[in-house]
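With my numbering as the guide, the letters of the sequence shown map in order to residues 47 to 529.
Ideal placement from N, C-alpha and C gives every residue a C-beta, glycine not left out.
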Amino acid sequence: MSSHSKPSAIRPAASATHRLLILIAVALLARVATFGNPVVHVDEEFYFFTGHSMWQGAWPFVDVWDRKPIGLFLLYALPAAFGFPAGIWAYQAMALASVVATGWLIARMADRLGWGAGATAAGIAYILWLDVLGGQGGQAPVFYNLPMIGAAWLILESDARGSRMLGLGAMALVGVVLQIKYSAVFEGMVFGLWLLGAEWRRSRSPLALIPYGMALIVIALAPTLAAAGLYAAIGQWDAFFYANFLSIFHRNPDPLPELAGNLGQMALILSPIVTLAVLGLKRTWREDSERTFLAVWLGAAIIGVLLFRPWFDHYGLPILLPACTAAAAMLGREEWRRRHSPALLLTVALAGQIVLLSLRHERGEGFQFAALSQAVGKGPGCLYVYSGSTMLYVATRRCTLSRYIVPAHLSRAREAGATGVDQDAEIARILAQRPGVVVMRPPYNGERSAAHARVLTAMEDGYRLTAKLPMGNEMIRVYKSTR
Numbered sequence: 047m048s049s050h051s052k053p054s055a056i057r058p059a060a061s062a063t064h065r066l067l068i069l070i071a072v073a074l075l076a077r078v079a080t081f082g083n084p085v086v087h088v089d090e091e092f093y094f095f096t097g098h099s100m101w102q103g104a105w106p107f108v109d110v111w112d113r114k115p116i117g118l119f120l121l122y123a124l125p126a127a128f129g130f131p132a133g134i135w136a137y138q139a140m141a142l143a144s145v146v147a148t149g150w151l152i153a154r155m156a157d158r159l160g161w162g163a164g165a166t167a168a169g170i171a172y173i174l175w176l177d178v179l180g181g182q183g184g185q186a187p188v189f190y191n192l193p194m195i196g197a198a199w200l201i202l203e204s205d206a207r208g209s210r211m212l213g214l215g216a217m218a219l220v221g222v223v224l225q226i227k228y229s230a231v232f233e234g235m236v237f238g239l240w241l242l243g244a245e246w247r248r249s250r251s252p253l254a255l256i257p258y259g260m261a262l263i264v265i266a267l268a269p270t271l272a273a274a275g276l277y278a279a280i281g282q283w284d285a286f287f288y289a290n291f292l293s294i295f296h297r298n299p300d301p302l303p304e305l306a307g308n309l310g311q312m313a314l315i316l317s318p319i320v321t322l323a324v325l326g327l328k329r330t331w332r333e334d335s336e337r338t339f340l341a342v343w344l345g346a347a348i349i350g351v352l353l354f355r356p357w358f359d360h361y362g363l364p365i366l367l368p369a370c371t372a373a374a375a376m377l378g379r380e381e382w383r384r385r386h387s388p389a390l391l392l393t394v395a396l397a398g399q400i401v402l403l404s405l406r407h408e409r410g411e412g413f414q415f416a417a418l419s420q421a422v423g424k425g426p427g428c429l430y431v432y433s434g435s436t437m438l439y440v441a442t443r444r445c446t447l448s449r450y451i452v453p454a455h456l457s458r459a460r461e462a463g464a465t466g467v468d469q470d471a472e473i474a475r476i477l478a479q480r481p482g483v484v485v486m487r488p489p490y491n492g493e494r495s496a497a498h499a500r501v502l503t504a505m506e507d508g509y510r511l512t513a514k515l516p517m518g519n520e521m522i523r524v525y526k527s528t529r
């Protein structure tokens, strides 16, 4: 072995380690403001509550109602096993690890496609854009983006090696994604069609294509079919099917101005990275199946987001995978590397921290939640969070009186007729059980005023206001039963 062979052999590994350390450092700095905060986002509070309830024997869709797949709740059950507050740190650590791994795979894919000079910057861009697009905590795409880019990588490997097994592996990962969020179905379909197209180009045989196509479909649907079979086996097929597949079609649309505003905000935040992606693909285009796949994936991700409304900011997170990968072509250009790329990333980093501080001011933080939890207390009597933080159920260990834990499912106009229960009748049933503590936030946009008034009226009979505490920019009222 020559004296030069050892350094050249270890240089790629050293480079990979250096990149990984950079991504870890960026992710820690980008997300540290959220660590330990139990009220980062209402969705994550509910996911954690459901995961925690599963350890007490509760079944999603039966004992705790929602329309998210059971895979998401199983994911949250892992950190929830540590209880409160350790489980908060655990799920945020899981999210951090997922973010770093996803950013690393984005960089690896950019390397593969010939954009190595901008690969690390692409991974950094993904991490930073999460903060400005609602992905600063443990939203579902923060977790499922990792298996999704893993599926994309296996598709490229399948094409390169002509391997059906790798294609099946890709669709197995898509199946995992579908059990975290069903809205990824459009991207999954496009991935499957791409694999079928590649198989047709290789074999030109319908006899080979049909069984392969069937296998791709079956393996992608296998986790969902397994979940359905489990609920059928315990006699809860109807509850599973309605929550997972029918209820979404019964939900009322938000007002058009609200929808347009949400979509406009998402488009504004995504426009710089998507523009860079399009420019990067255009300026480096060549007849290459891998770059063609990336372009198709980018289009599918955008269409997939547009198909599923309402358009909250974090719904756009899947677009970041192909967009950041393709943006590496521009971020690594000579004229960009020295000035524009660092300036862009620093700007997004600063914007992300401003967003986090703003959201903390709006939604609240740990010490405010601790004060509210203490005001609710751990004494006898069940808790009814009519509106407010569902994490209170976990922190106070008080019992619940309904399977409809998400306050919006009973109080929001959008959910009227979409949850399998009459909203007013369920609220009346809960109040008739005389909860020991009732928590209410001020009226909010989209809330049914009649529901809010009904609960306030009930508080005049045998309840007294024991606390009025700040949670972010709102004052939360705590009522306790006097009987």
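- The alpha-carbon separation between A499 and V85 amounts to approximately 26 Å.
- Assigned with DSSP and collapsed to three states, Y490 falls in coil, not helix or strand.
- For V110, same chain residues with a beta-carbon under 7 Å away, outside a window of 5 residues either side, are T96, S99, A104, R449 and I451 in chain order.
- The C-beta separation of G196 from V188 comes to about 15 Å, leaving the pair out of contact by the 8 Å criterion.
- Under the DSSP assignment, S495 falls in the alpha helix (DSSP H) whose first and last residues are S495 to A504.
- Nearest in C-alpha terms to V524, of all of G434, G133, L309 and A132, is G434.
- Take V501, set aside five residues on each side of it, and the residues of its chain with a beta-carbon closer than 8 Å to its own are Y432, I473, L477, V484 and M486, in chain order.
- When L255, P481 and A198 are compared, the shortest CA-CA separation from L344 is found for A198.
- L392 has its alpha-carbon roughly 18 Å from the corresponding atom of L366.
- Annotation: L322 to E381 spans about 14 Å, alpha carbon to alpha carbon.
- For A464, no alpha helix (DSSP H) run applies, since DSSP gives it neither H nor E.
- With the rule of 3 Cβ pairs closer than 8 Å, the region 155-162 does not count as touching the region 80-94.
- Excluding five sequence positions before and after G378, the CB atoms of its chain that fall closer than 6 Å to its own CB belong to W161, A163 and G164, given in chain order.
- Under the three-pair Cβ rule at 8 Å, the region 453-468 counts as touching the region 293-303.
- If the five residues before and after Y509 are omitted, its C-beta is found closer than 7 Å to the C-beta atoms of V484, Y525, K526, S527 and T528, all from its own chain and listed in chain order.
- Taken through DSSP and simplified to helix, strand or coil, I152 comes out as helix.
- If one requires a minimum length of 4 residues, the alpha helix (DSSP H) runs lying completely within the region 93-154 are 116-126, in chain order.
- The continuous alpha helix (DSSP H) containing I294 extends over residues S293 to H296.
- An exposed status is given to F291, since fewer than 16 other beta-carbon atoms sit within 10 Å of its beta-carbon.
- I226: not part of any alpha helix (DSSP H); DSSP gives it neither H nor E.
- In the DSSP annotation of this structure, K424 is not part of any alpha helix (DSSP H), being labelled neither H nor E.
- Residue G259 holds the alpha-carbon nearest to the alpha-carbon of M235 among E245, G259 and I226.
- Under the three-state reduction of DSSP output, L511 falls in the strand class.
- For L151, the closest alpha carbon among the candidates V178, L511, L179 and L192 is that of L192.
- Spanning the alpha carbons of G466 and V88 requires a straight line of approximately 22 Å.
- Separation of L447 and I400 (C-alpha to C-alpha, rounded to the nearest whole angstrom) is 39 Å.
- Scanning its chain for C-beta atoms nearer than 7 Å, with the 5 sequence neighbours on each side dropped, one finds around Y122 the residues Y93, F94, T96, G97 and Y137, in chain order.
- R77 sits in a helix when the DSSP states are folded into three classes.
- A Cβ-Cβ contact shorter than 7 Å links S387 with A167.
- For L429, the three-state secondary structure derived from DSSP is strand.
- L241 and L327 have their C-alpha atoms roughly 21 Å apart.
- Counted as a single uninterrupted DSSP element, the beta strand (DSSP E) harbouring S527 occupies residues E520 to S527.
- Under the three-state reduction of DSSP, V85 is assigned to coil, being neither helix nor strand.
- With 16 or more other Cβ atoms from the protein chains shown falling within 10 Å of its own Cβ, C370 counts as buried.
- Put simply, of T148, L118 and L75 the residue whose alpha carbon is nearest the alpha carbon of V222 is L118.
- Inclusion of E90 and G184 in the CB contact set at 7 Å is warranted, their separation being smaller than that value.
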